[in-house]
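Remarks on the structure that follows.
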Amino acid sequence: MARGLHESAAATCLRPELFEVVTMLRTFIRLTIVIVGWYLVIPVLAHSSDCTVTFGFADATTSVSGVIAEVDYAAMPGDLPGDADAVACSGEIPGALATFNDIAAERRLKAGLVRLAPFGGASLFSCTVQNAVPRPSDFSITTVDATDSSLNSIVPRPQVVVTGIDCGGRGVPTTTSTTTTTLAPPADGCVVRLESRSGSPVSGLVFELDYTASGAEVVGAAQSAACKTLVPNALGAYNDIEADGVLVGALVHVAGFSGRTIISECEIDASVVPSISDFAVNVTEAVDPSGADIVPLPAVDVAEVVCGSGSAGSGTDGRNGGGNPAPGSCSGDYDITFAASSGPTLASLQVDVEYAAAPGDF
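Numbers given in the working numbering equal positions in the sequence shown, counted from 1, plus 1277.
Next comes the structure, spelled out in C-alpha cells:
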C-alpha cells in the first residue's frame, strides 16, 4: 500500500495535472526526525523563569512630579507574585516614592510615583510576571492623574505604556514576523510550509528544519531568514544555520494553538524543485500556556513545498513536493508524491490513480 503512494516513472517528466485522483483523503507522511547537535540561541521560550515588565512614558515628557497609573492585566495569562501592596513591583525613578496596590481578583494594578524634582522617561516602574511570556498587548494602561511640581494637573495626561519585557535574556523575540492565514503561491521561487499537530494547546514551540538533502538554500541569512509566522497572534523568530543546513524556528503564542495548524513558511532557492521528503523536522521543545513541558512533543512536518510561476519547475497547485515540473526539463527516473488537501486523520487509505494520459511508465 505504501508503495502505491510513492512510485517512480521513467523517460519523461510526469506532470501532476495529468493524474486524476478518484478517491483521496487526508494523509500525512511523517518525516524522519534528524537530531541536530546545535544549541538554540534564539531567545524565545522562558517557561522556567520570571519576566520583568517595565512601564514608562510613551513620549519624552520630563515635567512630571506625580503620576498615578492603572494597569489592567486581565488578558495576560501569567500572574503577578504577591498581593495588594506587597505585589512584586518597584519604582525605577531615583529618589521617587513609589506605591503599588494589586487588586488580584480584578487583575488590576494601581501604581503611584511622586518626587519633588520633575521626572520622566521610559522607565517609571517594573513588575515581575510569573508563568508566562507576556506581550505589550496583554496590558491596558490608563493614566489616572499626572501633576507637575506646582501640583497643577498636566493636560493632556502623559501616556504610560509597556516599554520593555525581559525574561532572563529570553524574553519577547526582537525578530518577529507578521502573522497571516493567506497561503497564496509565491510569485517567484518556492516556499516550504510547516504544519504542527498537537492534541493540547501549544504556547511555545522550538523546531529544527534540516534541508541538507533538498539541495536548496533558505533565502536570507542567520536571523534574517525569509520566514514568516502563519499562526494568528503568534510571535516567531528564525535563525538559518547555513553551514549545517538547518533552520531553527521558535514560536510563542500566549493562548496556545492546537490541532493541525500551518505554523510557518520559509522562502527557498532551488535549482531543482525539492520534494517534501527532502526535508526533516525535529521538535526540540514545547510548552503549554502554563509553561509546563508538553510530553510527548507535538509533531511538526513539512506540509507542502509550493513554487511560483518564476521558479524552476513552476506550477499552479504547488503539490507533489513543489509545483509542476516544466515539460521537457527532466530526464531519468522521478519520485511522485501524492497528498490530500483536506480530511480527518486516517488509519488506512486507498486511492485510484488514472494515468493513461501520462507519458512514461511505472
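For every residue, glycine included, the Cβ atom is placed at its ideal position computed from N, Cα and C.
Same chain only: Cβ atoms within 8 Å of residue i, ignoring 5 sequence neighbours per side
i       : result
Gly1522 : Asp1487, Tyr1488, Thr1489
Residues near residue i in its chain [Cβ-Cβ closer than 6 Å; skip 5 each side]
i       : result
Pro1478 : Gly1533, Ser1535, Asp1565, Pro1566
Gly1359 : Ala1365
Asp1349 : Arg1385, Ser1417
Gly1497 : Ala1503
Val1406 : Cys1328, Val1330, Gly1355
Glu1347 : Lys1387, Thr1419, Val1421
Ser1400 : Thr1331, Gly1333, Glu1369
Asp1415 : Ala1352, Met1353
Gly1526 : Phe1484, Tyr1515, Ser1541
Ala1381 : Asp1360
Thr1376 : Gly1389
Status (buried if at least 16 other CB within 10 Å, exposed otherwise) for residue i
i       : result
Val1577 : buried
Ser1473 : buried
Val1341 : buried
Asp1555 : buried
Ser1427 : exposed
Asp1629 : exposed
Ala1499 : exposed
Glu1485 : buried
Ile1553 : buried
Val1318 : Low local confidence applies: a pLDDT of 31 at Val1318 is under 50, so the model's placement there is unreliable, with the coordinate-based value given in what follows. The residue is exposed, with fewer than 16 neighbouring Cβ atoms inside 10 Å.
Ser1480 : buried
Leu1393 : exposed
Beta carbon of residue i nearer than 7 Å to that of residue j
i       : j       : result
Ser1541 : Cys1504 : yes
Pro1413 : Val1432 : no
Ala1563 : Pro1575 : yes
Cys1467 : Ala1547 : yes
Phe1402 : Gly1368 : yes
Val1495 : Leu1528 : no
Cys1404 : Leu1357 : yes
Ile1370 : Phe1332 : no
Asn1408 : Gly1568 : yes
Identity of the residues DSSP links to residue i by a beta bridge
i       : result
Phe1334 : Val1437
Leu1471 : Ser1541, Val1579
Ala1514 : Ala1527
Ala1268 : The shown model of the chain, from 1278 to 1639, leaves out residue 1268, and the question about it has no answer.
Cys1504 : Cys1543
Leu1374 : Val1391
Leu1386 : Val1348, Asp1379
Glu1519 : None; Glu1519 has no bridge partner.
Gln1407 : Asp1356
Ile1442 : Val1330
Leu1574 : None, per the DSSP bridge assignment.
Ser1417 : Asp1349
Thr1424 : Gly1343, Ser1430
Among the options, nearest to residue i - alpha-carbon criterion
i       : options                            : result
His1530 : Cys1543, Gly1513, Leu1524, Ser1417 : Gly1513
Asp1517 : Val1406, Ser1426, Val1549, Glu1544 : Glu1544
Gly1343 : Leu1374, Asp1327, Val1330          : Leu1374
Arg1434 : Ser1426, Ser1427, Ile1442, Val1421 : Val1421
Leu1571 : Leu1482, Asn1510, Glu1581          : Correcting the residue identity first, residue 1571 is Ile in this sequence and not Leu. Ile1571 has its Cα closest to that of Leu1482, out of Leu1482, Asn1510, Glu1581.
Val1437 : Cys1444, Ala1580, Thr1338, Gly1568 : Thr1338
Thr1640 : Ile1553, Gly1389, Ala1394          : This structure cannot speak to residue 1640, because the chain is shown only from 1278 to 1639.
Ser1475 : Val1560, Glu1369, Glu1519, Asn1408 : Val1560
Ile1539 : Gln1627, Asp1379, Leu1393, Val1469 : Val1469
Asp1336 : Glu1631, Tyr1632, Gly1398          : Gly1398
Ala1423 : Asn1510, Val1549, Ile1345, Ala1520 : Ile1345
Short CB-CB distance (under 7 Å) between residue i and chain B
i       : result
Phe1402 : The structure shown has no chain B; it contains just one protein chain.
Any non-hydrogen atom of the ligand MG closer than 6 Å to residue i Cβ
i       : result
Val1572 : The ligand content of the structure shown is nil, which means the ligand MG is not present either.
Residues near residue i by beta carbon distance below 7 Å, same chain, minus five either side
i       : result
Gly1441 : Thr1331
Arg1537 : Glu1472, Arg1474
Ala1361 : Asn1378, Asp1379
Val1391 : Ser1342, Gly1343, Ala1373, Leu1374
Val1508 : Thr1456, Leu1528, His1530, Phe1534, Thr1538, Ile1540
Ser1501 : none
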